[in-house]
Every structure is written in structure tokens, then in C-alpha cells.
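Here the sequence shown stands for residues 20 to 255, where the numbers follow the working numbering. Here the structure comes first, spelled out in C-alpha cells, and everything after it is commentary.
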Amino acid sequence: MYEFTIIVPVYNEEENLQRVEKELLAYTQIATKKTSILFVNDGSKDNSQALIEDICNRNQAFHFISFKENRGLSAAIKAGFDYAESPLVGYIDSDLQTDPKDFNLLLEHIGEYDLVTGVRADRKDKFVKNMSSKIANGIRRAFTHDGMDDTGCPLKVIKTDYAKRIPMFKGLHRFLPAMILLQNGKIVQIPVKHFPRMAGTAKFGLWNRLIGPLMDCFAYLWMKKKYINYEIKSKG
20 MYEFTIIVPV YNEEENLQRV EKELLAYTQI ATKKTSILFV NDGSKDNSQA
70 LIEDICNRNQ AFHFISFKEN RGLSAAIKAG FDYAESPLVG YIDSDLQTDP
120 KDFNLLLEHI GEYDLVTGVR ADRKDKFVKN MSSKIANGIR RAFTHDGMDD
170 TGCPLKVIKT DYAKRIPMFK GLHRFLPAMI LLQNGKIVQI PVKHFPRMAG
220 TAKFGLWNRL IGPLMDCFAY LWMKKKYINY EIKSKG
């Protein structure tokens with residue numbers, strides 16, 4: 020029985036997948052929780068699916084689901100949450116700009132908290148990407164008051180019960196900490212390493228780092244107003 024599932028959203032990442040296999044396989048050998056890997060192929064148009072199937076066939080702890088068509092990062096993460104069976108779930112981007120070994124840092128805190136997210140303390144992205152992300156994070160904090168500096172960091176660990184109750188819609192992957200707070204959960208951010216992208220191309224441009232997140236903030240406010248939260252006192 021696996022204790023932790025790492026979701027790996029994939030969209031046209033054939034150049035990265037061999038390295039993803041190597042790094043995540045190495046992590047499973049040192050993970051502090053028994054770990055499985057779940058690829059979510061978000062309708063890739065390159066050779067990603069064939070490579071994913073090869074990886075899963077030769078590694079017992081690796082599994083996949085594949086979308087019929089591209090549905091976006093939030094949908095891929097939501098599908099991973101839906102299909103995960105372990106008590107803990109996390110995710111990492113397939114560009115591996117974050118280090119899987121840092122999951123152990125996050126897992127140290129998950130007992131006390133319901134979501135632990137990485138914060139990229141020394142980002143290796145280009146100036147425009149860094150500045151647009153900082154602006155977007157500032158806008159989001161003003162709307163959500165979640166206190167998080169870097170919700171776009173693709174390294175998170177969440178208790179699965181909380182993850183499955185998140186009503187995801189497009190763009191809401193940036194609001195995972197805020198959605199845990201709506202469930203009266205506890206969240207914390209931990210500094211993690213960050214690296215330049217080694218292969219492939221970024222899937223987000225200036226539009227969906229600034230204008231998209233601003234529009235999503237209004238969607239979040241609507242969600243917050245309508246959100247239903249309850250706790251079971253007893254059952255029989």
C-alpha cells in the first residue's frame with residue numbers, strides 16, 4: 020500500500036520524460052513515505068504517451084492516466100487527485116525545475132499541516148517570468164489572504180482527503196492553499212531548490228501569468244462565497 024502519490028502532469032514533454040523517470044525512480048528509493056508516481060497525460064500531441072507507457076511497464080510504482088484531449092493543468096491535477104488512493108498526494112512539473120528529493124522536506128511537516136507547498140527561494144527563470152509571477156502572486160494574496168509567496172511552485176504535498184474536496188476549475192491550481200483554508204485546514208510554505216528548464220518549452224506565457232490569474236481571483240471570490248463546508252459529528 021502506497022502512502023504517497025506524486026502526480027506528474029505531462030503535456031508535450033517527450034524531451035524531459037527520460038530524465039523524469041530517472042529522477043523520480045531515484046526519489047522512490049529515498050522517500051520517507053512509500054511512494055508511487057502517477058503520470059497524467061494532458062492530451063499530448065508528441066510522443067509523450069508512448070514514452071510514459073514504456074516507463075510504467077518497466078517500473079512497478081509508475082502508473083498513468085491519459086486524457087482524450089488537452090484540458091489544462093488544473094484538470095490534470097484534479098484528475099490526479101481523483102485517482103489517487105494513498106493518504107497523501109503531491110505533484111511536480113515534468114520540466115523538473117524543482118527537485119523531487121525536496122518532497123522529503125515537505126513531508127516532514129505534513130503531519131501538522133494539511134498542505135505543504137514549496138517556495139522557490141532562488142528562482143532560475145528569466146526576468147520577465149520572475150516579475151510576472153511576483154506580480155501575479157501579489158494580486159492573488161490581496162484577494163485570498165492566504166499568506167503564500169509562491170503558489171505557482173510546482174512542488175506540493177496535500178492530505179488526500181482535503182485534495183479530493185477541492186472543487187477545481189481552470190486556473191484554480193494557483194489557489195490550492197486558499198482552497199485548503201476554506202476547509203479550515205492548515206498550510207505552510209517551505210523553501211525548495213529551483214533549476215533552469217533543461218528541455219522542452221514553457222506552457223505559460225505573459226497572458227496566463229498575469230491576466231489569467233487576475234480573472235481567476237474573481238472566480239475564487241465567487242467560489243469562496245458559495246463554498247459549502249461541513250464536519251461530521253457522528254454517524255451510524
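Every residue, glycine too, gets a C-beta built ideally from N, C-alpha and C.
(message) Just to confirm before moving on: does the CB-CB distance between Ile26 and Leu43 stay below 8 Å?
(response) By the CB criterion at 8 Å, Ile26 and Leu43 fall outside the cutoff.
(request) Report the option in Gln116, Ala80 and Val135 whose CA atom is closest to the CA atom of Asn123. (result) Closest by alpha carbon: Val135.
(message) Along the chain, where does the alpha helix (DSSP H) containing Gln208 start, and where does it finish?
(response) Membership of Gln208 in any alpha helix (DSSP H) is not indicated; the residue belongs instead to the beta strand (DSSP E) covering Ile206 to Val211.
(request) Using DSSP bridges, identify the partner residues of Ser55. (result) Bridge partners of Ser55 according to DSSP: Thr24.
(request) Per DSSP, which residues does His82 bridge with? Please list them. (result) BP columns for His82 point to Leu57.
(message) Restricting to Cα atoms, I'd like to know which of Gln37, Gly99 and Ala45 is closest to Asp118.
(response) The option with the nearest alpha carbon to Asp118 is Ala45.
(request) Mind checking who Arg139 pairs with in its DSSP beta bridge? (result) DSSP output for Arg139 lists Val211 as bridge partner(s).
(message) Excluding the 5 residues flanking Pro196 on each side, which residues of the same chain have their C-beta closer than 7 Å to its C-beta?
(response) Cβ within range, chain order: Leu134, Thr136, Asp165, Met167, Thr170 and Ile206.
(message) DSSP three-state label for Lys244, please.
(response) Here DSSP, grouped into helix, strand and coil, assigns Lys244 to helix.
(message) For Ile71, report the span of its alpha helix (DSSP H) as first-last.
(response) From DSSP, the alpha helix (DSSP H) with Ile71 extends over Ser67 to Arg77.
(message) Can you tell me which residues form a DSSP beta bridge with Lys175?
(response) Tyr110 and Thr136.
(message) Between Ser55, Glu88, Ala69 and Ser63, which has its C-alpha nearest Gln79's C-alpha?
(response) Per the Cα distances, Ser55.
(request) To the nearest angstrom, report how far apart Pro210 and Asp180 are at their CA atoms. (result) In this model, Pro210 and Asp180 are separated by some 25 Å (Cα to Cα).
(message) So, for Ala40: in the same chain, excluding its five sequence neighbours on each side, which residues have a beta-carbon less than 6 Å away from its beta-carbon?
(response) Sequence inspection shows Glu at residue 40; the Ala mentioned does not correspond to that position. These residues qualify, in order along the chain: Ile74.
(message) For Ser93, tell me which candidate among Gly255, Lys252 and Pro232 has the shortest Cα-Cα distance.
(response) When each option's Cα is compared against that of Ser93, the closest is Pro232.
(request) Enumerate in chain order the residues of its own chain whose CB-to-CB distance from Leu107 is below 8 Å, with the five nearest sequence positions on each side excluded. (result) Hits under 8 Å: Glu22, Phe23, Thr24, Lys52, Leu126, Ile129, Val176, Ile177, Lys178 and Thr179.
(message) Quick test of your reading: Leu57 and Tyr102, contact by CB under 8 Å. State the CB separation rounded to the nearest angstrom.
(response) About 7 Å separates the two Cβ atoms, so the contact holds.
(request) Look at the Cβ atom of Ser63, then the Cβ atom of Tyr30, and state whether they are nearer than 8 Å. (result) Cβ atoms of Ser63 and Tyr30: closer than 8 Å.
(request) Name the one or two DSSP bridge partners that Val29 has. (result) Paired residue(s): Asn60.
(request) Please name the residue in Tyr132, Lys120, Leu115 and Cys172 whose C-alpha comes closest to that of Val138. (result) Nearest in C-alpha terms to Val138, of all of Tyr132, Lys120, Leu115 and Cys172, is Cys172.
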